[in-house]
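Chains as they are written, first to last, in the numbering used here: chain A, 3 to 201; chain B, 3 to 201.
Glycine included, every Cβ here is placed at the ideal spot set by N, Cα and C.
All values reported here derive from a predicted model rather than from experimental measurement.
This report refers to the structure that appears directly beneath it.
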DNA sequence: TATCGTCTTAGACGTATGACTAATACGCTT
DNA sequence: AAGCGTATTAGTCATACGTCTAAGACGATA
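This is the structure:
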């Protein structure tokens with residue numbers, strides 16, 4: 003019925019263009035006209051397909067997130083020690099910085115601070131990530147026999163989620179002081195747990 | 003010479019208005035005209051006094067930060083156990099959410115992501131906070147005799163700074179899952195250290 | 001009281017914006 | 001090949017924007 007090749011192409015072109023512009027210039031400087039020009043498409047199509055810029059932005063984030071959540075789940079599903087999974091996850095932090103995903107995510111959060119209608123969409127992305135992290139941490143707690151009396155799983159998950167988010171934010175603001183030291187410290191702590199479990 | 007009462011008043015009115023608007027609507031929806039209206043001032047004064055909106059925004063953040071850094075230093079200077087200082091610091095997190103400071107800070111970070119000229123100003127604020135936290139953590143490490151072999155002070159500072167930032171960001175995006183549990187876990191861990199030192 | 005520099009105002013300029021519309025091109029189906 | 005529904009286009013509309021300017025009000029100084 004709908005969804006002809008042409009329609010899909012124009013939609014994708016707009017989403018791709020929005021993704022590029024979010025990464026390079028941020029939401030505040032994206033107008034329908036500029037976006038359409040970047041996409042090589044008539045500026046009327048933005049409203050024709052998406053109804054509003056906000057809807058389009060939300061779809062950019064969701065599309066991008068979908069890819070990475072899939073990658074993350076596949077990575078954590080591997081049958082290797084948690085230490086290795088953790089290291090891979092931390093290397094993804096750098097990848098996702100370079101790919102621009104983190105920028106897209108931050109831009110949409112910033113947009114949602116002032117647009118209640120977008121809040122739920124952004125919260126949902128946060129929840130997806132949290133779910134992935136929770137499974138991973140749950141596995142680590144069991145594998146490494148971590149004591150959860152004073153530090154329950156939910157607290158660990160929250161700590162991991164927030165310090166990751168904090169690092170992402172700091173990096174985009176131009177600060178990375180102590181990140182290397184922090185990650186090194188966590189890594190060596192995990193090493194002791196890993197060695198303990200192997201012996 | 004300059005700095006007559008009137009000049010100071012108009013400047014302050016603009017800074018106050020910008021602060022309110024940053025908190026309520028975000029930087030993207032603040033035009034010189036809207037700001038001037040909110041301040042009850044002619045719209046030409048924005049450029050007359052500040053030259054640009056960016057400069058004005060930066061001054062809003064710096065003025066606000068100055069107050070809170072002073073408060074924070076005074077608080078940490080008290081002669082009480084670190085545990086109590088920590089609890090006060092965590093209660094400030096809620097205060098600063100309600101006062102709008104965190105919103106102002108986040109808005110300026112978001113603005114700076116796409117305006118390299120603002121970067122240094124925002125980084126400087128981050129550095130001021132980091133300096134305060136570093137002193138506090140340094141004191142805690144000595145008072146509670148914390149082992150810094152695997153977790154050096156710089157790593158601890160980075161952890162505290164990033165997870166705080168992450169919590170602030172999550173709260174503004176409408177997420178607070180696990181925050182209570184995380185803070186409770188840290189608190190009870192600090193309690194064990196505090197008790198250990200008193201005996 | 002006259003003067004002078006600063007503060008403040010109103011308004012004009014060209015440009016860009018989001019929202020919308022009417023006309024046209026395209027590509028299926030029949 | 002004709003017809004029809006969707007995709008696409010160009011263009012209009014009032015509005016708001018940042019920037020700038022020229023004029024006027026104010027208040028301290030002399």
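Neighbourhood of residue i by C-beta distance below 6 Å, restricted to the same chain and skipping five residues each side
{"i": "residue 102 of chain B", "result": "25"}
{"i": "residue 200 of chain B", "result": "none"}
{"i": "residue 76 of chain A", "result": "none"}
{"i": "residue 105 of chain A", "result": "25"}
{"i": "residue 190 of chain A", "result": "none"}
{"i": "residue 10 of chain A", "result": "none"}
{"i": "residue 124 of chain B", "result": "110, 111 and 114"}
{"i": "residue 87 of chain A", "result": "78"}
{"i": "residue 29 of chain A", "result": "109 and 113"}
{"i": "residue 51 of chain B", "result": "13"}
Residue of the options minimising C-alpha distance to residue i
{"i": "residue 194 of chain B", "options": "B/148, B/139 and B/62", "result": "B/148"}
{"i": "residue 197 of chain B", "options": "B/58, B/95, B/85 and B/108", "result": "B/85"}
{"i": "residue 68 of chain A", "options": "A/134, A/150 and A/35", "result": "A/134"}
{"i": "residue 152 of chain B", "options": "A/27, A/73 and A/186", "result": "A/186"}
{"i": "residue 72 of chain A", "options": "A/89, A/111 and A/94", "result": "A/94"}
{"i": "residue 138 of chain A", "options": "A/162, A/125, A/47 and A/126", "result": "A/162"}
{"i": "residue 23 of chain B", "options": "A/97, A/115, A/167 and A/146", "result": "A/115"}
{"i": "residue 32 of chain A", "options": "A/167, A/168, A/130 and A/110", "result": "A/110"}
{"i": "residue 128 of chain A", "options": "A/47, A/70 and A/39", "result": "A/70"}
{"i": "residue 132 of chain A", "options": "A/167, A/145 and A/146", "result": "A/167"}
{"i": "residue 188 of chain A", "options": "A/20, A/176, A/91 and A/130", "result": "A/91"}
{"i": "residue 145 of chain A", "options": "A/130, A/126, A/53 and A/192", "result": "A/192"}
{"i": "residue 126 of chain B", "options": "A/176, A/126, A/154 and A/89", "result": "A/176"}
{"i": "residue 74 of chain B", "options": "B/154, B/143 and B/136", "result": "B/136"}
{"i": "residue 54 of chain A", "options": "A/130, A/96 and A/20", "result": "A/20"}
Residues that residue i contacts on chain B, provided the C-beta gap is smaller than 7 Å
{"i": "residue 84 of chain A", "result": "Result: empty, since nearest Cβ-Cβ is about 18 Å, beyond 7 Å."}
{"i": "residue 183 of chain A", "result": "154, 156, 157 and 160"}
Contacting residues, own chain, Cβ-Cβ under 8 Å from residue i (five flanking each side not counted)
{"i": "residue 108 of chain A", "result": "170, 171 and 174"}
{"i": "residue 165 of chain A", "result": "184"}
{"i": "residue 1 of chain B", "result": "Missing from the structure shown is residue 1 of chain B; chain B here goes from 3 to 201 and no further."}
{"i": "residue 18 of chain A", "result": "41"}
{"i": "residue 35 of chain B", "result": "45"}
{"i": "residue 49 of chain A", "result": "34"}
{"i": "residue 130 of chain B", "result": "67 and 71"}
Listed by chain order, chain A residues near residue i by CB distance under 8 Å
{"i": "residue 108 of chain B", "result": "112 and 115"}
{"i": "residue 191 of chain B", "result": "152 and 153"}
{"i": "residue 89 of chain B", "result": "Result: empty, since nearest Cβ-Cβ is about 17 Å, beyond 8 Å."}
{"i": "residue 121 of chain B", "result": "175 and 176"}
{"i": "residue 138 of chain B", "result": "None at all; the shortest Cβ gap to chain A is about 15 Å."}
Interface residues of chain B facing residue i [CB-CB closer than 9 Å]
{"i": "residue 169 of chain A", "result": "160, 164, 167 and 168"}
{"i": "residue 60 of chain A", "result": "Chain B residues near residue 60 of chain A: none, gap ~13 Å exceeds 9 Å."}
Chain-order list of residues whose beta-carbon lies under 7 Å from that of residue i (same chain, five-residue window excluded)
{"i": "residue 43 of chain A", "result": "12, 15 and 16"}
{"i": "residue 99 of chain B", "result": "173"}
{"i": "residue 4 of chain B", "result": "Because the pLDDT of residue 4 of chain B is 38, which lies under 50, any placement of that residue in the model is unreliable, and the number read from its coordinates should be weighed accordingly. Closer than 7 Å at Cβ, skipping near neighbours: no residue."}
{"i": "residue 81 of chain B", "result": "none"}
{"i": "residue 141 of chain B", "result": "84"}
{"i": "residue 65 of chain B", "result": "17"}
{"i": "residue 38 of chain B", "result": "44, 45, 47 and 48"}
{"i": "residue 143 of chain B", "result": "150 and 155"}
{"i": "residue 6 of chain A", "result": "The predicted model places residue 6 of chain A with a pLDDT of 49, which falls under 50 and marks its position as unreliable; any figure quoted below should be read in that light. Excluding positions up to five away in sequence, the list is empty."}
Residue i: contacting residues in chain A (beta-carbon distance under 9 Å)
{"i": "residue 128 of chain B", "result": "172, 175, 176, 177 and 179"}
{"i": "residue 132 of chain B", "result": "177, 179 and 180"}
{"i": "residue 67 of chain B", "result": "Chain A residues near residue 67 of chain B: none, gap ~14 Å exceeds 9 Å."}
{"i": "residue 36 of chain B", "result": "Per Cβ cutoff of 9 Å: no residues; residue 36 of chain B is ~14 Å from chain A at best."}
Partner residues on chain B for residue i, Cβ-Cβ distance less than 8 Å
{"i": "residue 27 of chain A", "result": "116"}
{"i": "residue 20 of chain A", "result": "Under the 8 Å cutoff, chain B gives no residues; its nearest Cβ is about 15 Å from residue 20 of chain A."}
{"i": "residue 203 of chain A", "result": "Nothing in the structure corresponds to residue 203 of chain A, since chain A is present only between 3 and 201."}
Within chain A, partners of residue i - CB distance below 7 Å
{"i": "residue 48 of chain B", "result": "Here the premise fails: no neighbours, minimum Cβ distance about 18 Å."}
{"i": "residue 124 of chain B", "result": "175"}
Under 8 Å: do the region 58-68 of chain A and the region 112-127 of chain A share three or more Cβ pairs, one atom per stretch?
yes
Segments assigned alpha helix (DSSP H), at least 4 residues, entirely inside the region 141-196 of chain A:
155-175
Can you list, in chain order, the stretches of the alpha helix (DSSP H) that have 4 or more residues and sit fully within the region 45-129 of chain A?
46-52, 55-78, 84-101 and 103-115
May I ask you to verify whether the region 177-192 of chain B touches the region 152-160 of chain A, counting CB pairs closer than 8 Å and requiring at least 3?
yes
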